[in-house]
Amino acid sequence: MSDTASNTLLAYITKGRILPVTFSIQWPKWTMLAILVMGILAPVVTGLGETTRAAFGILPVLGKHHFNLTAWQQLFQLPGFTTSLQLTLVSGFLATSTGLILTIFGCAWVYNTSEKSFLFSKLKPFIAPMLVPILAAPHAAIAIGLTFLLAPSGWLTRLFSPWLTTWQLPPNLTTVQDLWGLSLTLGLIIKELPFLWLISLVALKQINLSKQLSIAQSMGYSYANAWYKIIIPQLYPLIRLPVLVVLVYALSTVDMALILGPNTPPTLALATMRWYNDANVAMLLPASAAAIGLAGLMILSVFVWEIAIVIIMAVTKIATRSGARGKHWRLVSTALATALPMSLLLGFLSLVVLLIWSFTWRWSFPDALPTSWSYSYWLKLITHWPLALQHSIILALGSSAIAVIFAVAWLEVQDRFGGYLSRLTLWFIYLPLLVPQIAFLYGLKVGFLRIGLNGGMGAVIWAHLLFVFPYVMLSLIDSWRAIDRRYLQVAASLGTSTWGCFWRIKLTLLLQPLLLAWAIGIAVSIGQYLPTLMIGAGKIETLTTQAVSLASGADRRLVGVYGLLQALVPILAYMLAIYLPRLMALKKL
Amino acid sequence: MSLELRSLCATLSDNSALFSPVNLVVEKGEVACVMGPSGVGKSTLLNAIGGHLDTHFGIAGDILLNGKSVKNLIASKRQIGVLFQDPLLFPHLSVGDNLAFGLCSSVVGAKKRKLEIEQALEQAQLSGFYHRNPATLSGGQQSRVALMRALLARPQALLLDEPFAKLDMELKYTMRDFLFDQARQRLIPILLVTHEPKDVAAAKGPLIVLQPI
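Below, the structure is given as structure tokens:
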């Protein structure tokens with residue numbers, strides 16, 4: 001009997017145990033779907049709806065009840081609108097496309113096992129230790145660290161002054177918050193590149209990469225050309241969704257733009273937030289118009305991006321048909337492959353400089369390191385246990401726990417009652433990541449108020465969940481599906497109940513991925529700036545809201561403490577997720 | 590055209606050899622076979638000849654193609670084709686585009702290239718398959734496309750790593766005869782890794798049995 005036939009038979013015999021309820025029972029599936037619709041879809045749709053109403057002049061709180069286009073006219077006449085728009089598009093598209101290109105070169109660099117280059121062998125061991133902290137740290141922490149690094153008085157200038165630059169005082173240059181948004185673009189690349197790179201490396205495991213490359217090279221194709229014609233067209237469809245998430249994030253980030261972007265005028269998302277916070281409440285209307293405009297811009301941008309990809313793929317196909325073997329581009333590829341470790345290094349140094357500042361007492365300009373150190377800020381922190389830290393931890397633990405439990409429940413219900421995550425359901429789950437936060441958070445606040453959720457911790461946890469759940473699900477789904485079903489069949493044939501299979505086999509086998517999903521949830525929650533600020537009505541302070549509001553202030557030591565702490569909590573969660581299963585395995589020996 | 594191996598062996602980082610050195614001459618149109626116990630390094634030998642070794646392996650001895658050493662050339666400069674157990678047709682390209690990927694770039698012009706691909710399909714008894722998705726082909730059909738793709742690149746030698754292992758008996762023999770015919774027509778030296786004594790008999794060429802050290 002062939003393998004598949006015996007498996008089918010085995011499944012048939014044991015089906016009674018794995019699937020104790022017949023397929024006709026649908027209520028658990030509908031319950032899950034209802035929770036998803038109510039918990040995630042409804043808030044986004046309500047939020048967009050309320051914001052849209054305000055954008056078209058209907059805001060009962062202000063006594064406005066009639067549809068009109070005044071808000072839009074006001075918006076287009078606001079000072080700096082076109083510059084904001086331009087700035088948003090340039091930084092968003094530049095960051096995403098550069099990030100994607102460098103990701104691909106980074107992947108090609110990792111897989112290039114035949115090249116005996118210096119870079120490959122020497123740098124590889126340093127990659128992982130730099131990667132995890134950057135992935136775990138919130139956007140704001142990286143952004144703050146980057147200002148401490150790149151500012152005219154930043155660490156980089158200090159390291160090279162005065163011996164190389166002869167500067168005794170910080171140079172009169174604009175490095176961060178430049179008018180072109182280049183430092184914002186750089187910050188986005190540094191933070192998003194590791195994410196895209198890791199996602200791509202995981203995706204590439206689905207492709208028989210090394211043998212396909214061998215075949216192409218044996219036909220005379222250069223390594224770079226083989227990647228271009230063979231690997232990239234297979235890779236992109238696998239990472240399309242994360243790339244679009246990055247594009248939307250880059251076009252709509254508020255906290256990074258606040259720290260790294262130009263101020264006069266700022267990007268559209270940041271401008272929108274400023275208009276929302278304007279002392280003049282009438283500004284709520286043009287602010288809502290800007291928020292909805294940003295959502296429209298996002299749809300347009302995704303469309304333009306996808307069209308560009310289609311064109312690139314078509315050109316690639318024509319190039320493939322020509323049979324041209326391509327040049328080696330050794331210099332260019334090496335240079336571009338170097339960009340990945342460079343970007344990781346910058347991200348890592350951003351966190352290191354936060355650490356240094358948090359322990360600094362005196363650090364005057366051209367010195368490479370502080371002249372006197374102090375742990376007084378940390379001491380104060382430990383003795384006072386500030387509210388921001390407490391809030392952050394409660395929000396992170398709450399939202400990540402709910403997200404992991406719901407994700408597991410969803411996957412288990414599918415295992416037992418059949419069905420699968422349809423493409424549509426997946427888009428529902430990822431919807432909050434594909435809509436700019438600012439486009440629906442104001443409306444969501446209005447909606448929450450209407451049902452009596454008055455900006456307390458519960459409402460903020462719910463708001464965090466919208467962004468935590470997609471990432472948790474994204475990280476868990478593949479490992480869950482990868483469980484070898486034969487273990488379950490064997491267990492069932494030995495008399496293990498369905499619940500026994502669930503607890504003792506699935507959850508035990510998935511301990512590592514579950515912990516990682518939880519850690520990712522923690523990291524996402526800790527990093528939330530806008531949802532905490534808007535849904536919490538500015539009353540719930542967290543590490544991130546504190547760090548961002550302090551960032552423009554003068555006391556780098558305090559900012560260092562908050563920035564680092566913001567990164568430290570998720571890093572600890574990651575470490576726990578990585579090392580706890582290993583420790584437990586050791587105990588069993 | 591000929592492929593010659595002189596005391597060739599793959600080495601580990603401590604310079605220890607994986608198998609006893611191989612000496613072999615494969616003349617044009619000839620099929621040489623490589624046998625040996627599992628795990629002895631047959632695939633590693635092919636990777637060494639084709640230039641696909643991982644960096645942590647080294648090579649001792651020499652590889653000559655038409656009398657010239659190719660040992661220090663990178664894979665894409667060696668003109669030595671490979672075929673693996675799986676056909677590995679590129680899933681994002683149609684059958685015809687897979688062949689176009691293989692077809693030598695010295696054939697210029699869309700019409701000329703298409704004509705040559707159609708001819709190759711005909712030889713493989715796959716006329717009319719140009720626009721098919723490779724996933725819709727049977728195992729034997731995929732193997733034939735993979736072989737034609739390798740041949741269209743006009744290699745100076747061809748390495749085959751148990752290319753028929755996953756086909757059923759009957760298909761295996763027709764496929765093998767087809768391959769040997771093509772090689773003899775095109776005067777390409779072939780090196781075939783196999784477990785089947787029948788393959789060796791049909792190849793009528795030299796035989797190498799790899800010995801572990």
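Order-wise, the sequence lines are chains A and B. Residue numbers for the first sequence, in the numbering used here: 1 to 589. Residue numbers for the second sequence, in the numbering used here: 590 to 802. Where a beta carbon is used, it is the ideal one built from N, C-alpha and C, also for glycine.
Check                                                                                                                                      : Outcome
is_contact[K229 of chain A, chain B] using C-beta, thresh 8 Å                                                                              : yes
Minimum Cβ-Cβ distance from R702 of chain B to chain A less than 8 Å                                                                       : yes
Any chain B beta carbon closer than 8 Å to R321 of chain A                                                                                 : yes
Through-space distance from A216 of chain A to M732 of chain B, alpha-carbon basis                                                         : For clarity, residue 732 of chain B is Ser in the given sequence; the question names Met instead. Each residue's alpha carbon lies about 16 Å from the other.
CB contact below 8 Å: A224 of chain A versus chain B                                                                                       : no
Sequence-distant residues of its chain with Cβ nearer than 6 Å to G145 of chain A (five each side left out)                                : S350, L351, V353, L354
The region 613–631 of chain B / the region 789–800 of chain B touching (three or more Cβ pairs under 8 Å)                                  : yes
Those residues which DSSP pairs with I652 of chain B across a bridge                                                                       : B:L594
Chain A within 8 Å of S709 of chain B, Cβ atoms only                                                                                       : The amino acid occupying residue 709 of chain B in the given sequence is Ala; Ser does not appear at that position. Closer than 8 Å: no.
Test item: CB-CB of V281 of chain A and L270 of chain A under 8 Å                                                                          : no
Cα-Cα separation between V21 of chain A and W499 of chain A, rounded to whole angstroms                                                    : The pLDDT assigned to V21 of chain A is 44, lower than 50, so where the model puts this residue is not dependable; a value taken from the coordinates is nonetheless given after this. Whole-angstrom Cα-Cα distance: 13 Å.
Contacts of A724 of chain B in chain A (Cβ-Cβ under 7 Å)                                                                                   : Neighbours of A724 of chain B on chain A: none; closest Cβ ~13 Å, over 7 Å.
Burial state of Y574 of chain A, where buried means 16 or more other Cβ atoms lie within 10 Å                                              : buried
Cβ neighbour criterion (16 or more within 10 Å) applied to E759 of chain B                                                                 : exposed
Residue environment, R321 of chain A, which counts as buried when at least 16 other CB atoms sit within 10 Å                               : buried
Interface partners of R325 of chain A on chain B, CB under 8 Å                                                                             : S665, S694
Enclosing beta strand (DSSP E) for W361 of chain A [first to last residue]                                                                 : 360–362
Alpha-carbon spacing of W109 of chain A relative to T508 of chain A, whole angstroms                                                       : 35 Å
Span of the beta strand (DSSP E) around I207 of chain A                                                                                    : Counting along the chain, I207 of chain A falls outside any beta strand (DSSP E), and DSSP gives it neither H nor E.
Option nearest P581 of chain A by Cα separation, candidates A:I522, A:P262, A:P265, A:P513                                                 : A:P513
Min CB distance S218 of chain A to chain E below 8 Å                                                                                       : No chain E appears in the structure shown, which is made up of the protein chains A and B.
Nearest-angstrom Cα separation, counted from L741 of chain B out to Q712 of chain B                                                        : 12 Å
Whole-number beta carbon distance between L654 of chain B and Q745 of chain B, since they are thought to touch under 8 Å                   : 5 Å
Interface partners of N208 of chain A on chain B, CB under 8 Å                                                                             : D675, L677
Contacts around Y111 of chain A, its chain only, beta-carbon distance under 8 Å, and the 5 residues preceding and following it disregarded : L204, L209, S210, L213
Where D555 of chain A falls, given that 16 or more other Cβ within 10 Å makes a residue buried                                             : exposed
Cβ-based contacts, 8 Å cut-off: residues of the region 592–605 of chain B near chain A                                                     : none
DSSP three-state assignment for D675 of chain B, whether helix, strand or coil                                                             : coil
Any C-beta of chain B under 8 Å from that of K211 of chain A                                                                               : yes
Proximity test, Cβ basis, 8 Å: L768 of chain B and chain A                                                                                 : no
Inter-residue Cα distance where the pair is S374 of chain A and Y562 of chain A                                                            : 16 Å
CB contact check: F690 of chain B to chain A, cutoff 8 Å                                                                                   : yes
The alpha helix (DSSP H) enclosing E705 of chain B, as first and last residue numbers                                                      : 699–712
Neighbourhood of R702 of chain B by C-beta distance below 8 Å, restricted to the same chain and skipping five residues each side           : A689, L692, V696
Per-residue DSSP class, three states only, for A388 of chain A                                                                             : helix
Classification of G99 of chain A by the beta-carbon crowding that lies within 10 angstroms, buried from 16 upward                          : buried
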